[in-house]
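Asker: Quick note on this note's numbering: the sequence shown kicks off at 194 and runs consecutively.
C-beta atoms are modelled at their ideal positions from N, C-alpha and C, and glycine is treated no differently.
Take a look at the following structure, please.
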Amino acid sequence: SAITAPGQFVNIQITGKFLRRPISVCDYDGDTLTIVYKVVGKGTEILSRMVPEEKLDILTGLGNGYDLAPAGNSPVLLGGGVGVPPLYHLAKRLLAMGKQVTVILGFNTQSEVFYEAEFRALGCRVIVATADGSYGVKGFATTPLNDLNYSYFYTCGPEPMLKAVYDACK
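Quick look at the structure:
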């Protein structure tokens, strides 16, 4: 694969669709890519019906990915909804560098929570926040930030969340 940094993405050609679908890379190793996506339209619905050994036309190695250099000793990774997957390989890389990684996962409600166990299995400290308070901390992905000492933060998620993270860290 042409993926060289955590946080890069691929563009997948979906049969019968003109535009490719950009999907972040969750994990990669050699020639294997792991993508995690939510079925939100016809394109991802078609993708969800694919079977093993079916071929995909993928443009890979897109985007710059995350810069690991400024992480410091205790980076925080904030992911909101579909912004969670690209933080997984980032966490693996930072842990391999000896960093103490805290991951904050933000969702609207408990039924949307995913990848919590996977981040814990890596050895990350994991905090889950739900907007409705049905699981973890009541609030947004930025809510737990006030209680943490961290050296740097990495984030991925919907634009309103990114703005809230920016405002919280000023």
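Could you name the residues that DSSP lists as bridge partners for residue 217?
Answerer: For this step, residue 217 is matched to residue 24 along the sequence shown. Beta-bridge pairing by DSSP links residue 217 to 202.
Asker: Give the range of the alpha helix (DSSP H) segment to which residue 237 is assigned.
Answerer: Position 44 of the sequence shown holds residue 237. Start and end: 235-241.
Asker: Roughly how many angstroms separate the alpha carbons of residue 209 and residue 236, rounded to a whole number?
Answerer: In the sequence shown, residue 209 corresponds to position 16, counting from 1. In the sequence shown, residue 236 corresponds to position 43, counting from 1. Taking the straight line from one Cα to the other gives about 9 Å.
Asker: Decide yes or no for the touch test of the segment 300-307 against the segment 323-331: beta carbon pairs closer than 8 Å, at least 3 of them.
Answerer: yes
Asker: Can you say whether residue 219 is buried or exposed, counting buried as having 16 or more other CB atoms within 10 angstroms of its CB?
Answerer: Numbered from its first residue, the sequence shown carries residue 219 at position 26. By the neighbour-count rule (16 or more Cβ atoms within 10 Å), residue 219 is buried.
Asker: By how many angstroms is the C-alpha of residue 292 removed from the C-alpha of residue 278?
Answerer: Position 85 of the sequence shown, counted from the first residue, corresponds to residue 278. Position 99 of the sequence shown, counted from the first residue, corresponds to residue 292. Going by the C-alpha atoms only, they are around 19 Å apart.
Asker: To the nearest angstrom, how far is it from the Cα of residue 211 to the Cα of residue 242?
Answerer: Translated into the one-based positions of the sequence shown, residue 211 becomes position 18. Translated into the one-based positions of the sequence shown, residue 242 becomes position 49. Residue 211 and residue 242 have their C-alpha atoms spaced approximately 18 Å apart.
Asker: Can you tell me the Cα-Cα spacing of residue 285 and residue 307, whole angstroms?
Answerer: On the sequence shown, position 92 is the one that residue 285 refers to. On the sequence shown, position 114 is the one that residue 307 refers to. If you draw a straight line from the Cα of residue 285 to the Cα of residue 307, it is about 17 Å long.
Asker: Do you know offhand how far residue 221's Cα is from residue 273's?
Answerer: Here the question's residue 221 lines up with position 28 in the sequence shown. Here the question's residue 273 lines up with position 80 in the sequence shown. Cα to Cα, residue 221 sits roughly 21 Å from residue 273.
Asker: Just reading off the beta strand (DSSP E) that residue 269 is part of, what are its end residues?
Answerer: Indexing the sequence shown from 1 puts residue 269 at position 76. Residue 269 -> beta strand (DSSP E) spans 268-273.
Asker: By alpha-carbon positions, which one of 230, 269 and 281 ends up nearest to residue 198?
Answerer: Working through the sequence shown from its first residue, we reach residue 198 at position 5. Measuring C-alpha to C-alpha distances from residue 198 to each of 230, 269 and 281 identifies 281 as the nearest.
Asker: Since residue 269 and residue 297 should fall inside the 8 Å C-beta cutoff, what is the C-beta to C-beta distance between them, to a whole number of angstroms?
Answerer: Sequence index remark: in the sequence shown, residue 269 carries index 76 (1-based). Sequence index remark: in the sequence shown, residue 297 carries index 104 (1-based). Between residue 297 and residue 269 the Cβ distance is about 6 Å, and since that is below 8 Å, they are a contact.
Asker: Tell me, which residues are paired with residue 252 by DSSP?
Answerer: Residue mapping note: residue 252 aligns to position 59 of the sequence shown, counting from 1. Paired residues: 204.
Asker: Pick out whichever of 195, 196 and 343 has its Cα sitting closest to the Cα of residue 191.
Answerer: Examination of residue 191 is not possible in this model, given that the chain is present from 194 through 363 alone.
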